[in-house]
Amino acid sequence: MQTGEHLVRKYDEELETMRSRVLQMGGLVESQVHTALMAFESADMELAQQAIDADKRVNDLEVDVDQMVNYVIVRRQPTAGDLRMITGVAKVITDLERVGDEASKIARAVKWLHEKNDQSRLNRIPDIRNSGEAAASMLRRALDAFARMDPQAAATIIKDDLGIDDRFRAVLRQLITFMMEDPRTISASLDCVWVAKAIERIGDHAKNVAEHVIFISQGWDARHQSLEDVERAVARP
Amino acid sequence: MVSTPAPEVASAEPKGGPLPPIKTEARDLSFYYGSFQALKNLNMPIYQHRVTALIGPSGCGKSTFLRCFNRMHDLYPNNRYEGEIRLLPDDVNLLAKSVDPIEVRMRIGMVFQKPNPFPKTIYENVAYGLRVRGLSSKAMLDDKIEQALRAAALWDEAKDRLQDLAFNLSGGQQQRLCIARALATDPELLLFDEPTSALDPIATASIEELMAGLKEKVTILVVTHNMQQAARVSDYTAYMYLGELMEFGETDQIFIKPKRKETEDYITGRFG
């Protein structure tokens, strides 16, 4: 909605710095998720450790952006589109930080599986790989939608989350089958449930980011709304 | 100013429940200082027992609009109104020649930017309007003055010094005295023209707190340059620009999601 610059130039600089810091955090989290999924896929302990180590930088950025949010609220008393951007950023970084936590969970599960020396079959369940790829794609597109403030793109992400949820249930069914067929896989299967759940949560957080994008850009709260209502809202000029 | 589309006045639906009743309403209101048109065909409701804030850049006509309500412009020659301001429930046009401006000012009080107590005692300041109305009974005057000072949150500070000169009060107290003076005649509408711009933050907070309580009794229309103040005190906000009403709606809506880009640019500080 906004086109012009603020009369106070410094305000523009502060908002731009905040926005670019969120994207930097998003890039880090995206990479962390990718690394954790690769570590799971290839049972690579080094990659798993990298994903775990990346979490500290993500956490530091969250605190950093949070401080910026407080600073801008105190200094500028934002309104309208600026206010929505700032409250939206505060929520987006919370979701991104939690995506980082989920990536760390995946990486830790990789380590547990390695310790049990029982990953040879379980990490090749196609639905885990597919849902991992889908969640990573959702996250990437949610960050793109944030960068462009594109509510239509955000709506497609909300729709895609339903697919991730379905895949999670399919993975659960497969893992239960493994456990019933061969009780020796129970412990490792439970670790894989953690991985599948973390992937499903990453999808949820990407969806949340997409909802925040719709609120920031359109001033309409897309949370807890039906997909039809969301699609109708973003179709409005 | 390029020609602008119709103002977003229809956006005033409250989030829940029906709209409050209208206390007063501008209908096709224009105002001229000589040949200069300061207000251009304004249509806007003022809802009963609500605070409505008028915001906009200097020279946009918000004070001019405010002063139409109590016929302040009648005090200067060559000023001209067109259109109507209806006061409900009796549906009288406040701008009609047949309506006595003094009577209008009894029903519609005004508080100015700088406290302007009369050079009299605290008691006599509040008693003034009542005496003009013909009230002379000491007991009744005492009673009304206490009520007005209590309503203006000044009674506790002033009750033991009612015979002191009003100028001995602090700026914030003087402003509350002016509010008490306006309240003494039981107005239906109170007009505030930048009521806190000459006050410190503490006195400002006390006036804002007072406005929140006063709206239970009267309808309030306030002009303010301070947008945070408009956001804090008002239920409805109108954004004016170059004599036109650009947008009117619930304050939350105006400050979170204004409908017009012009409003957004102004309240976010992009106005150039």
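The listed protein sequences derive, respectively, from chains H and P. Per the working numbering, the first sequence starts with residue 1, numbered consecutively. Per the working numbering, the second sequence starts with residue 1001, numbered consecutively. All C-beta atoms in this analysis are idealised placements derived from N, C-alpha and C, irrespective of residue type, glycine included. Model, not experiment: these values are computed from the prediction.
Let me know the secondary structure DSSP gives residue i once reduced to three states.
| i | result |
| --- | --- |
| residue 1098 of chain P | coil |
| residue 79 of chain H | coil |
| residue 1262 of chain P | helix |
| residue 286 of chain H | Since the first residue shown for chain H is 1 and the last is 237, residue 286 of chain H is missing from the structure and cannot be characterised. |
| residue 96 of chain H | helix |
| residue 32 of chain H | helix |
| residue 1154 of chain P | coil |
| residue 43 of chain H | coil |
| residue 1138 of chain P | helix |
| residue 1019 of chain P | coil |
| residue 1144 of chain P | helix |
| residue 222 of chain H | coil |
| residue 1273 of chain P | Residue 1273 of chain P lies beyond the range of chain P shown here (1001 to 1272); nothing can be said about it. |
| residue 1003 of chain P | For residue 1003 of chain P, the predicted model reports a pLDDT of 49, less than 50, meaning its position is unreliable; a value from the coordinates is still stated below. If DSSP states are grouped into helix, strand and coil, residue 1003 of chain P belongs with coil. |
| residue 1040 of chain P | strand |
| residue 207 of chain H | helix |
| residue 1257 of chain P | coil |
| residue 947 of chain P | A question about residue 947 of chain P goes unanswered here, because the residues of chain P that appear run from 1001 up to 1272. |
| residue 1270 of chain P | coil |
| residue 6 of chain H | coil |
| residue 182 of chain H | coil |
| residue 84 of chain H | helix |
| residue 1243 of chain P | coil |
| residue 1133 of chain P | coil |
| residue 232 of chain H | helix |
| residue 1035 of chain P | coil |
Under 7 Å between beta-carbons, which chain P residues line up against residue i? List them in chain order, please.
| i | result |
| --- | --- |
| residue 77 of chain H | 1228 |
List, in chain order, every chain H residue whose beta-carbon is nearer than 7 Å to that of residue i.
| i | result |
| --- | --- |
| residue 1202 of chain P | Neighbours of residue 1202 of chain P on chain H: none; closest Cβ ~19 Å, over 7 Å. |
Would you say residue i reaches chain A, if we count a Cβ-Cβ gap shorter than 8 Å as a contact?
| i | result |
| --- | --- |
| residue 1256 of chain P | The structure shown contains no chain A; the protein chains it does contain are H and P. |
Given that residue i touches chain P, what residues does it touch there, using C-beta distances under 9 Å?
| i | result |
| --- | --- |
| residue 26 of chain H | By Cβ distance, chain P contributes nothing, its closest Cβ being about 25 Å from residue 26 of chain H, past 9 Å. |
Could you tell me which residues DSSP pairs with residue i in its beta bridges?
| i | result |
| --- | --- |
| residue 1045 of chain P | P:1025 |
| residue 1238 of chain P | P:1054, P:1248 |
| residue 11 of chain H | Its beta-bridge partners do not exist; DSSP assigns none. |
| residue 1121 of chain P | P:1165 |
Note down, in chain order, every chain P residue with its Cβ under 8 Å from the Cβ of residue i.
| i | result |
| --- | --- |
| residue 219 of chain H | 1256, 1257 |
Just checking residue i against the ligand SAH - is the residue's beta carbon closer than 7 Å to any of the ligand's heavy atoms?
| i | result |
| --- | --- |
| residue 229 of chain H | The ligand SAH is not among the ligands present in this structure, which contains no ligands whatsoever. |
What are the start and end residues of each continuous beta strand (DSSP E) run of 3 or more residues lying completely inside the stretch 1158 to 1231 of chain P, in chain order? 1189 to 1193, 1219 to 1223
For the stretch 64 to 92 of chain H, list every residue whose C-beta sits within 9 Å of some C-beta in chain P, in sequence order. 76, 77, 78, 79, 80, 81, 82, 83, 84
With a floor of 3 residues, list each beta strand (DSSP E) that falls wholly inside the stretch 1069 to 1117 of chain P, ordered by position along the chain. 1079 to 1087, 1108 to 1111
Counting only runs of 4+ residues fully inside the stretch 105 to 160 of chain H, write out the alpha helix (DSSP H) ranges in chain order. 126 to 148
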